[in-house]
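Since the structure comes first, as structure tokens, the remarks are kept for the end.
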Ligand SMILES: Nc1ncnc2c1ncn2[C@@H]1O[C@H](COP(=O)(O)OP(=O)(O)OP(=O)(O)O)[C@@H](O)[C@H]1O
Ligand SMILES: Nc1ncnc2c1ncn2[C@@H]1O[C@H](COP(=O)(O)OP(=O)(O)OP(=O)(O)O)[C@@H](O)[C@H]1O
Ligand SMILES: [Mg+2]
Ligand SMILES: [Mg+2]
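Residue numbers (the numbering used here), protein chains in the order written: chain A, 225 to 532; chain B, 3 to 529; chain C, 5 to 383; chain D, 715 to 1045.
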């Protein structure tokens, strides 16, 4: 009976709940849930692969529901546990798991990235914009692809430089390297960088601030970090998704794009001065077109390639 | 007369070993006090305690009549004590000069410090006659030179009480003489000297007073006048000791029969291109002991290594056990050598002879572990057999303590040497016909020396051949049938034992002793 | 200056470690108290979580399995005189090869053939990855520590590239291969026990644990019971003496590293064949480095390594348990706690030795050593 | 772009500048390791020491708002860590490698725990104001040169406009060399690493020498950590050292336990790293069928090249003879 709903639980991905990225967004979502409902929740930060399943099973045995797996790596663990505990509800972010008691939430990162790509291209004085990803994995390519397309859409002649940070988990938390990557791109004339690299991004933003260039945040609204440097942020509302999941899970696939407000570009007092009225108009127009389907944003996952 | 040093009731144990038990030692000022004893008797330990390197478990020390606590080398130096250590206390990759300076640098900047120390050392070397190449890294110096360096180090620090632990073990007779002259001068100048040595002649020659130790305790302490060589030997090992030549020198025809080993024109250059061996030819016949005399560092070690298959020469051939090995081709390797019944007792027992962290029984099969006797199917080790054989070797060669499980490092130098000799001489299944031995009695007590000499003679009697490299002329004179003298990598001359006298050999060697070691300007080799 | 303390073996290998562990826990307790948690609760949870339940014990053993492999990998190299920091990379490549074998044959081969094949492939992969640094050290004198560190990075790049561009299921977001077929699943211990009708919670603990035990025994026999092991240790302790004995150091060096690599390569069997049933990016996560601590704390001796591996397994599982039971106890506090335990039971292991020796001597003089010291061990 | 790249002074200027910046923490840690290992103490704890010092600098900088204070605090922590190292491995015969790993584990956990407890930003410390951070030097000259073609980038970007710690780090190399090879202290230190018994017999304190070397080692690690937080970044981020400690160790060995050798090795690592960054996205030569080089290949390039170069060097590195062996007198 929905009245006596058990308390929800979250299992974060390797990055941990303070990864300056989607895990942190999920964490914020749960905190909000706690504030709104006054009910508690359980969560767990895994330290190695086998703890995913361990954590979920532990929660399941305690009757925790729904159990939310944050990140695509949780898929097989969710799949197993969901099969084992059919009476409980499960949710997973960024990945599709087909099971009668699992709600899969996936985002159209490409759409949000498209918009910040436009903003980047339109704010760039040199006509060169940059992208810095954490690791070369499909999810990040998805960000990159949308960003490129958006930038080109706004300025067909724009030059987009892309970098990936590393091949080990350290790639998501190495601001120093992020800073160097940024400086390298600045040296090439890039003057706006969109970083989708977790903690590594911190270094990118700092480098941008030091060099007087622009940077674009990711996942959660990071405009406040360096007002005047942070053009905007490609917000991916994992927090909202997690909040909704913890309140109510509807088995099946939920796709969150611009239309659903699952992704967007962030506007607030911190970057109001940077985004001029006409720029905003252009971007909002494109946003409307995407929602209306007039603009087809390429999905890297569709055919493992960035074709647009 | 006042006592410079007085040690009362010194006790020291290392784990299971009681190295010193209630030792009393009284040394008068401005005298040379000899300390003798078997290997492992506790001589070095006692001196190390006086030098503050070890702390005694019990007992007290008085210097110049005042009771003192010596808790480290610095304290010892404070009391004017200096020490020449038995096992060199040198840093291999530092220059000889830096080694002397270390801890006594006259300036905090190395440049000026080196200047001043060099000047002092030049003078010191001049009037002691102990020559060392100051700028060579120690690792490049032959043992003899290291020993001289070690002595210079102590003299440089100008001690009032000077401990010398087997300073002459690797010196030539000439060098020994010069050293003793220096020591006499020091004594005259009021320095008190403590001398440990296994060469009783030296004791008789130099000392005023002598203390004999056995199994950690003092067994005799008397003025030199009241004892004799035999008396000391007796006290040391508790029985009559016969050193010197036992058998009549062989008739010249002794070295008949086909040679067991024949080497022709061996030539070997080291990494720097300095020739260490230069056209060396020799043959070993059954039933003879050939002695190789010469100041250490003139190619003897290299000769042994080449003949034992440890390194391949650039020139020459070797005939051994019906097989011929030619430089450039596939040279003899240690395994083949053993298979061809050639055994090798290396000069450097610590680096080559033993694996110090191994248990004695593991070290005692080193090089023979492949023998069917020791490794069964699938290379399974027959550990019990190994332990049994080790125990037998220890019985046979009187290795103390008799404990196959004890770590090789824990045996005293002399006993380690006996273990290595036992292994090589008693090689299981097929005992060797040919034995190459380097410095077999270096640092070994007279009891053991007598014993080892006996074994080598026995081997000759059994029709084996022995190549004996030794810096001890006495030893060579006592054992060899003919003597080859080496000088700067070449054979300087060969004498039948009958024509050998200390002086004759000394003269042949002297050519080298002036400028020991690999000479920078090699002689043109005869073509 | 530190005099070596001569302790009887049972004291040195039995009591001293226990004392150190006790001290380590005590100090950790103080730290825990400092951050306002109840030390008694934390310590009990840690121990309970690791050994208190069938599930907990199984997890502990499962982690220990991996650490035994990496620990032995360090130890064998160590006895050959080499410091192998490359366990991480060797484990990755070993796992990769095992996985490739599975992906290639799992649909055709029965488990009876598939699993042995995976073990061979895994061992081979690790061996190959260790052989290159070994050869470079032997013939070019390239220092093994540098090359093995570099090879760790190269391995991770290789793995990442293969997973993202070759092995990943098209259209899937996750960076992992397809799942292995049943035949490539190392049977879990709970499954086996279930067949025997014994109720056992489902955990990652799988047959690989036996492989680890076999490896430990094998290494012990190899090092101290066979000629090859003898030669290897001789080279490790005294290369020149080995040369004198006619043992060629180069080949011993190669052998040491290749055996080490093979051992590390088996990590993949436990993690991939045993648990994940597919190839993924960070299945090693530091196990290679932990292996160094495991080996050294275990004095590079198989028996010691097994014990140390159990300790680390317990720390991992008990740590997880802690953060389950005490939400305030974060993953990082667990790491800190583990650090302190390694510090006191590993790095500071000798601090208590002199005191213990004095006590022992004193007790022996009273001829009551055994009893009293025994109690002290558990104090 | 690849073809013209090599002729472009801007590319080289940026490359060299980046090389210097990236090398600094490596150089400092490598020097630290050189000192301790020359004295006979293995240091596998560089990573942890650097990390904990970085955190200290970040935290104190944020709280105290003073660069000097931050540096001092970092130095203090670095030295304390080294003293712990010494207590376990010099005063007692603890295993030096395990000690290093323990320090690293503790640092990895403790920094985050304290960070979260103190600043509630997921282990990060708050961004530092420019007053607390190290300002670039020679900026004026750099801007002056900026116009000059060739010289501008090559000198300006490459050598000028770095912060004080960069220049200090490189100045410390000859300093350490001088200390090791031109002073009495250095002679004694080197002897301690090779034959402590000899040093002891010479009436010197092996313990004292090893502790002092460790103290210097801690100080240098502290500088490396501070550099990451006060210069390259503006706050502490968990695990931000990202393996640099181990790379520094590798560099030190590559440099054969010699400060200058270590410097070259660090510069090599830095250069290859900076180069790899800039090569991402470069296309394969048409001969190899064109197409982009996989990112991972480029990212592995520095490590592969290191191995190749190392193999190219003749003559093996010789570690201090007594390295890692606790000094006890009795056999
Ligand atoms: N540092 C040590 N650790 C352990 N045992 C030792 C140590 N030094 C000496 N011993 C043991 O103490 C005993 C006495 O050794 P010591 O070196 O004093 O004998 P020695 O009279 O000098 O013998 P040698 O004539 O061979 O030099 C020997 O059994 C030796 O094995
Ligand atoms: N570090 C250690 N931790 C725990 N137990 C150990 C350790 N080292 C040795 N042991 C125990 O001591 C026994 C003997 O160790 P080792 O492997 O050296 O024996 P061995 O050399 O093969 O035989 P032995 O030494 O008895 O001749 C081992 O079988 C093991 O039970
Ligand atoms: Mg002695
Ligand atoms: Mg044993």
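The beta carbon of each residue, even a glycine, is placed where N, CA and C say it ideally should be.
Quiz prompt | Per-residue DSSP class, three states only, for residue 32 of chain C | solution = As a first step, residue 32 of chain C must be located in the third chain, where it is residue number 28. Residue state, collapsed to three classes: helix.
Quiz item: Shorter than 8 Å from the beta carbon of residue 55 of chain B to some beta carbon of chain D?
Solution: Position 53 of the second chain, counting from 1, holds the residue named residue 55 of chain B. Chain D, which has a Cβ nearer than 8 Å to the Cβ of residue 55 of chain B, makes this yes.
Quiz item: DSSP state of residue 405 of chain B, grouped into three classes?
Solution: Numbered from its first residue, the second chain carries residue 405 of chain B at position 403. If DSSP states are grouped into helix, strand and coil, residue 405 of chain B belongs with coil.
Quiz item: Does DSSP classify residue 24 of chain C as helix, strand or coil?
Solution: For the purposes of this step, residue 24 of chain C is taken as the residue at position 20 of the third chain. Helix, per DSSP.
Quiz item: With respect to 7 Å, is the separation between the Cβ of residue 88 of chain B and the closest non-hydrogen atom of ligand 3 below this value?
Solution: Residue mapping note: residue 88 of chain B aligns to position 86 of the second chain, counting from 1. Yes, Cβ of residue 88 of chain B sits closer than 7 Å to a heavy atom of ligand 3.
Self-check item: Buried or exposed (CB count within 10 angstroms, at least 16 for buried), residue 392 of chain B
Solution: Locating residue 392 of chain B in the second chain gives position 390, counting from the first residue. Answer is buried; the Cβ neighbour count reaches 16.
Practice problem: Note down, in chain order, each residue of its chain lying with its Cβ closer than 6 Å to the Cβ of residue 401 of chain A, except the 5 sequence neighbours on either side. | Solution: For the purposes of this step, residue 401 of chain A is taken as the residue at position 177 of the first chain. Around residue 401 of chain A: 389.
Quiz item: If the cut is a Cβ gap below 8 Å, which residues of chain G does residue 168 of chain C touch?
Solution: The structure shown contains no chain G; the protein chains it does contain are A, B, C and D.
Quiz item: Would DSSP call residue 22 of chain B helix, strand or coil?
Solution: Numbered from 1 along the second chain, position 20 holds the residue referred to as residue 22 of chain B. The answer is strand: DSSP assigns residue 22 of chain B an E or B state.
Quiz item: Say the cut is 7 Å; is the CB of residue 46 of chain B nearer than that to a heavy atom of ligand 1?
Solution: Mapped onto the second chain, residue 46 of chain B falls at position 44. For ligand 1, at least one heavy atom lies less than 7 Å from the Cβ of residue 46 of chain B.
Practice problem: Take residue 206 of chain B as the anchor and find which of B:360, B:28 and B:229 has the nearest alpha-carbon. | Solution: Sequence index remark: in the second chain, residue 206 of chain B carries index 204 (1-based). The option with the nearest alpha carbon to residue 206 of chain B is B:229.
Quiz item: Cβ-heavy atom distance between residue 416 of chain B and ligand 5 below 7 Å?
Solution: Because ligand 5 does not appear in the structure shown, any question about it cannot be addressed here, the ligands present being ligand 1, ligand 2, ligand 3 and ligand 4.
Quiz prompt | alpha helix (DSSP H) segments (min. 4 residues) lying fully within the segment 188-260 of chain B | solution = 202-208 and 231-239
Quiz item: What is the rounded straight-line gap between the Cα of residue 32 of chain B and the Cα of residue 309 of chain C?
Solution: The residue labelled residue 32 of chain B in the question sits at position 30 within the second chain. The residue labelled residue 309 of chain C in the question sits at position 305 within the third chain. Cα to Cα, residue 32 of chain B sits roughly 59 Å from residue 309 of chain C.
Self-check item: With 16 other Cβ atoms within 10 Å as the buried cut-off, status of residue 240 of chain A
Solution: What you label residue 240 of chain A is simply residue 16 of the first chain in a count that begins at 1. Burial call: buried.
Quiz item: Per DSSP, what kind of secondary structure is residue 530 of chain A in: helix, strand or coil?
Solution: By one-based count along the first chain, residue 530 of chain A stands at place 306. Three-state DSSP puts residue 530 of chain A in coil, outside helix and strand.
Practice problem: Have a look at residue 195 of chain B and residue 402 of chain B and give me their C-alpha separation to the nearest angstrom. | Solution: Working through the second chain from its first residue, we reach residue 195 of chain B at position 193. Working through the second chain from its first residue, we reach residue 402 of chain B at position 400. So the alpha carbons of these two residues sit roughly 30 Å apart.
Quiz item: On the premise that residue 339 of chain A lies in contact with residue 511 of chain A, defined as a C-beta separation below 8 Å, what is that separation, rounded to the nearest angstrom?
Solution: Counting from 1 along the first chain, the entry for residue 511 of chain A is found at position 287. Counting from 1 along the first chain, the entry for residue 339 of chain A is found at position 115. With 8 Å as the limit, residue 511 of chain A and residue 339 of chain A qualify as a contact, their Cβ atoms being about 6 Å apart.
Practice problem: Have a look at C:66, C:29, C:63 and C:64 and flag the residue whose alpha-carbon is nearest the alpha-carbon of residue 48 of chain C. | Solution: The count along the third chain starts at 1 and reaches residue 48 of chain C at position 44. Closest by alpha carbon: C:29.
Quiz item: Can you give the Cα-Cα distance for residue 20 of chain C and residue 386 of chain B, rounded to whole angstroms?
Solution: By one-based count along the third chain, residue 20 of chain C stands at place 16. By one-based count along the second chain, residue 386 of chain B stands at place 384. Roughly 31 Å between the two C-alpha positions.
Practice problem: Return yes when at least one heavy atom of ligand 1 lies under 7 Å from the C-beta of residue 909 of chain D, else no. | Solution: Walking along the fourth chain from the start, residue 909 of chain D turns up at place 195. For ligand 1, not one heavy atom lies less than 7 Å from the Cβ of residue 909 of chain D.
Quiz item: Thinking C-alpha only, which one of C:236, C:72 and C:222 is nearest residue 317 of chain C?
Solution: The count along the third chain starts at 1 and reaches residue 317 of chain C at position 313. When only C-alpha atoms are compared, the closest one is C:72.
Exercise. Compute the Euclidean distance between the alpha carbons of residue 90 of chain B and residue 152 of chain B, then round it to the nearest angstrom.
Key: Locating residue 90 of chain B in the second chain gives position 88, counting from the first residue. Locating residue 152 of chain B in the second chain gives position 150, counting from the first residue. Roughly 7 Å between the two C-alpha positions.
Quiz item: Alpha carbon to alpha carbon, what distance is there between residue 304 of chain A and residue 317 of chain A?
Solution: By one-based count along the first chain, residue 317 of chain A stands at place 93. By one-based count along the first chain, residue 304 of chain A stands at place 80. Cα to Cα, the separation comes out at about 16 Å.
Quiz item: In its own chain, which residues sit with a C-beta less than 8 Å from the C-beta of residue 1031 of chain D, not counting the 5 before and 5 after it?
Solution: The residue labelled residue 1031 of chain D in the question sits at position 317 within the fourth chain. Answer for residue 1031 of chain D: 967, 968, 970 and 971, listed in chain order.
Quiz item: Between which two residues does the beta strand (DSSP E) containing residue 241 of chain C stretch?
Solution: Mapped onto the third chain, residue 241 of chain C falls at position 237. Segment 231-241 is the alpha helix (DSSP H) holding residue 241 of chain C; no beta strand (DSSP E) there.
Quiz item: Is the beta carbon of residue 254 of chain A less than 8 Å from the beta carbon of residue 366 of chain A?
Solution: Position 30 of the first chain holds residue 254 of chain A. Position 142 of the first chain holds residue 366 of chain A. It is not a contact, given that the beta carbons lie outside the stated cut-off.
Quiz item: How is residue 320 of chain A classed by DSSP in three states: helix, strand or coil?
Solution: Within the first chain, residue 320 of chain A is the residue found at index 96, counting from 1. In the structure shown, residue 320 of chain A sits in coil (DSSP, three-state: anything other than H, G, I, E or B).
Quiz item: Between residue 210 of chain B and ligand 3, is the CB less than 7 Å from at least one heavy atom?
Solution: As a working note, residue 210 of chain B is residue 208 in the second chain. No; taking the cut-off as 7 Å, the Cβ of residue 210 of chain B has no heavy atom of ligand 3 nearer than that.
Self-check item: Residues, ordered as in the chain, of the segment 202-213 of chain C that lie near chain A by beta-carbon distance below 7 Å
Solution: 208
Quiz item: Exposed or buried, residue 834 of chain D, counting other C-beta atoms within 10 Å across all chains shown (16 or more means buried)?
Solution: Residue 834 of chain D sits at position 120 when you count from the first residue of the fourth chain. Exposed, since its Cβ has fewer than 16 Cβ neighbours within 10 Å.
Practice problem: Would you mind telling me which residues of chain A sit closer than 8 Å to residue 876 of chain D, beta carbon to beta carbon, in chain order? | Solution: Along the fourth chain, one-based indexing puts residue 876 of chain D at 162. Result: empty, since nearest Cβ-Cβ is about 12 Å, beyond 8 Å.
Quiz item: So residue 208 of chain C and residue 274 of chain A are in contact, right, with Cβ under 8 Å, and what is the actual spacing, rounded?
Solution: Sequence index remark: in the third chain, residue 208 of chain C carries index 204 (1-based). Sequence index remark: in the first chain, residue 274 of chain A carries index 50 (1-based). Yes, residue 208 of chain C and residue 274 of chain A are in contact; Cβ-Cβ is about 5 Å, under 8 Å.
Exercise. Can you tell me which of B:138, B:313, B:321 and B:221 puts its alpha carbon nearest to the alpha carbon of residue 260 of chain B?
Key: Here residue 260 of chain B corresponds to residue number 258 of the second chain, with the count starting at 1. It is B:321 whose Cα lies nearest to the Cα of residue 260 of chain B.
Quiz item: Of all Cβ atoms in chain C, is any one closer than 8 Å to the Cβ of residue 337 of chain B?
Solution: In the second chain, the residue the question calls residue 337 of chain B occupies position 335. Chain C, which has a Cβ nearer than 8 Å to the Cβ of residue 337 of chain B, makes this yes.
Quiz item: Whose C-beta lies closer than 6 Å to the C-beta of residue 285 of chain B among residues of the same chain, with five residues either side of it excluded?
Solution: For the purposes of this step, residue 285 of chain B is identified with residue 283 of the second chain, where counting begins at 1. So the qualifying residues of the chain are 261 and 264.
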